[in-house]
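In the working numbering, the protein residues as written are 127 to 486. Working notes, beginning with the structure itself.
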Amino acid sequence: MGTHETGSVLSLVGVSKTYDGAQKPALDQVSFSVKPGEFFSILGPSGSGKTTILRTVAGFEKPDTGQIVMAGEVVNSVAPNKRDVRTVFQSYALFPHLTVRENVEYPLRMKGEAKPTRRTKAEEALALTEMATFADRFPHQLSGGQRQRAALARSIVSRPRLLLLDEPLAALDLRLRQQMQHTLVALQKELGIAFMYVTHDQGEALSMSDRVVVLQDGKIAQLATPREIYFAPQNEFVSRFVGRSNLVAVNFEPTDTGFVGRVEGIKVPGLTAKKGGTARMAIRYEAIQVKPLDEAEGAPDTIPGVVEDVLFLGTNCEVNVRCGGVNLIGTVPAVRHSTFTVGQPVKVAFDAANTQVFHD
Ligand code: ADP
Ligand code: MG
């Protein structure tokens with residue numbers, strides 16, 4: 127690393143930060159670049175350092191080491207209001223005594239723009255966020271979702287090159303959150319502004335982003351596209367944190383051509399490796415097939431088990447099968463009358479191509 131990609135809106139180069147009195151760093155050698163117009167997400171559990179990255183980029187925190195580079199210039203010592211970024215927080219931080227329109231115009235007024243231009247730009251931002259009809263209301267006369275849209279309008283009105291969003295939808299209910307996800311993606315594409323979006327919600331990160339960085343304890347666990355993160359997690363942490371996976375012990379034994387894996391003593395022919403010994407394997411719930419005994423008859427490579435419980439989730443069911451010493455959970459399509467009952471003997475199969483193996 128050491129250098130940043132030219133043409134990036136933002137680069138972090140080896141950024142580390144330990145808060146006063148803290149035992150371990152909040153950020154540990156974090157490096158990545160955000161491209162112009164990219165929807166870039168930072169995904170990680172609570173305390174992994176997401177907000178610290180955002181505050182460092184916005185200029186509210188200073189890195190101990192490393193560089194924050196914006197449009198080719200190191201900005202470590204540049205004041206927050208002199209950086210070409212805006213931030214949208216979970217708490218909307220609107221001025222209560224100003225109307226929506228006045229709130230949206232505020233950043234332009236600070237910049238000394240003339241009233242007619244302010245008006246035009248505010249109208250445009252309000253239209254983009256579907257807030258035009260609420261322009262003359264005060265914040266307390268709005269719902270949570272409308273307040274978040276007003277805050278969004280205010281943050282884009284001056285067209286920064288980079289918009290930082292810190293869990294902006296966390297306070298909204300599920301339906302509004304989904305609606306706002308669509309709004310944000312459409313808005314981002316229309317504006318062409320790079321978004322750096324912080325969330326602990328893997329669904330949000332996967333559905334909206336061009337690329338996602340997964341954080342674990344202040345370090346980058348993986349940086350990739352949503353599909354790569356989902357289908358090819360680089361390590362056990364990512365496979366646990368993103369999507370729903372079984373993690374099972376595998377033992378790889380030598381054969382004539384390489385090594386073949388055994389799960390619960392059963393050889394899984396498609397499951398091969400270049401080295402022997404014990405490993406852990408992640409298999410997504412949807413990659414597991416659960417078959418009633420009669421259907422599984424004669425099918426090779428299946429692991430026998432007994433249904434321990436079944437969760438009905440609407441579009442599908444999760445069937446938890448006890449196979450000797452391990453449990454394997456598989457997703458099956460939900461049908462009106464359940465195919466599986468507790469205590470039923472079944473066979474479990476999976477496609478080795480859909481697994482990720484992490485050697486011990
Ligand atoms: P996230 O946003 O992913 O939940 P944060 O960036 O807020 O994580 O926090 C990362 C780590 O830094 C956590 O261990 C947190 O307790 C610590 N931390 C955050 N802010 C401060 C602060 N102002 N002073 C001391 N420690 C802090
Ligand atoms: Mg946070």
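Beta carbons: idealized from backbone N, C-alpha and C, even for Gly. Treat the numbers as computed from the prediction; the structure is a model and nothing was measured.
Asked                                                                                                                      : Found
T177: CB within 7 Å of a non-hydrogen atom of the ligand MG                                                                : yes
Nearest neighbour of A408, chosen from D382, G450, G456 and V436 [CA to CA]                                                : G456
Any 3 or more C-beta pairs closer than 8 Å across the region 350 to 360 and the region 147 to 160                          : no
Given 8 Å, three or more beta-carbon pairs between the region 234 to 244 and the region 315 to 333                         : no
Touching by the beta-carbon criterion (3+ pairs, under 8 Å), the region 276 to 286 and the region 204 to 219               : yes
Distance cut-off 7 Å: D327 Cβ against heavy atoms of the ligand MG                                                         : no
Short Cβ contact (8 Å threshold) for L220 with P265                                                                        : yes
Residue range of the unbroken alpha helix (DSSP H) whose run includes A184                                                 : K176 to A184
Presumed contact (8 Å Cβ cut-off) between C443 and V436, rounded CB distance                                               : 6 Å
Check: A148 C-beta below 7 Å from any heavy atom of the ligand ADP                                                         : yes
Unbroken stretches of the beta strand (DSSP E), 3 residues or longer, contained in the region 168 to 244                   : 191 to 196 and 211 to 214
At least three beta-carbon pairs within less than 8 Å, the region 253 to 264 to the region 218 to 237                      : yes
With 16 other Cβ atoms within 10 Å as the buried cut-off, status of T404                                                   : exposed
Cβ neighbour criterion (16 or more within 10 Å) applied to G344                                                            : buried
The ligand ADP heavy atom lying under 7 Å from the CB of A152                                                              : yes
Chain-order list of residues whose beta-carbon lies under 8 Å from that of R285 (same chain, five-residue window excluded) : L317 and I319
Chain-order list of residues whose beta-carbon lies under 6 Å from that of L153 (same chain, five-residue window excluded) : V141, S142, K143, G175, T178 and G344
Pick from P206, T309, R181 and L313 that is closest to G163, judged by C-alpha positions                                   : L313
Y145 beta carbon near the ligand ADP (any heavy atom closer than 7 Å)                                                      : yes
D327 versus S335 - alpha carbon distance                                                                                   : 12 Å
Integer Cβ distance of N372 from L454, believed to fall under 8 Å                                                          : 5 Å
Start-to-end residues for the beta strand (DSSP E) that takes in E316                                                      : Counting along the chain, E316 falls outside any beta strand (DSSP E), though it belongs to the alpha helix (DSSP H) covering L300 to L317.
Per-residue DSSP class, three states only, for R94                                                                         : Shown here, the chain extends from 127 to 486; a query on residue 94 therefore has no answer.
With 16 other Cβ atoms within 10 Å as the buried cut-off, status of P395                                                   : exposed
Distance, L295 Cα to P471 Cα                                                                                               : 44 Å
Beta-bridge pairing of A350 - partner residues as DSSP gives them                                                          : V338
Cβ distance (whole Å) where V340 is taken to contact A347 below 8 Å                                                        : 4 Å
Cβ neighbour criterion (16 or more within 10 Å) applied to A358                                                            : exposed
Same chain, Cβ closer than 8 Å to Q491, five either side skipped, listed in chain order                                    : With the chain represented from 127 up to 486, any question about residue 491 goes unanswered, as that position is not in the structure.
Opening and closing residue of the alpha helix (DSSP H) in which R366 lies                                                 : E362 to F367
Own chain partners of R370 with C-beta closer than 6 Å, once the 5 adjacent residues on each side are dropped              : Y411
Between the CA atoms of E199 and V283 - distance to the nearest angstrom                                                   : 24 Å
Neighbourhood of L302 by C-beta distance below 6 Å, restricted to the same chain and skipping five residues each side      : G271
E434 and V447 closer than 8 Å at C-beta                                                                                    : yes
Short Cβ contact (8 Å threshold) for T465 with V458                                                                        : yes
Any non-hydrogen atom of the ligand ADP closer than 7 Å to S172 Cβ                                                         : yes
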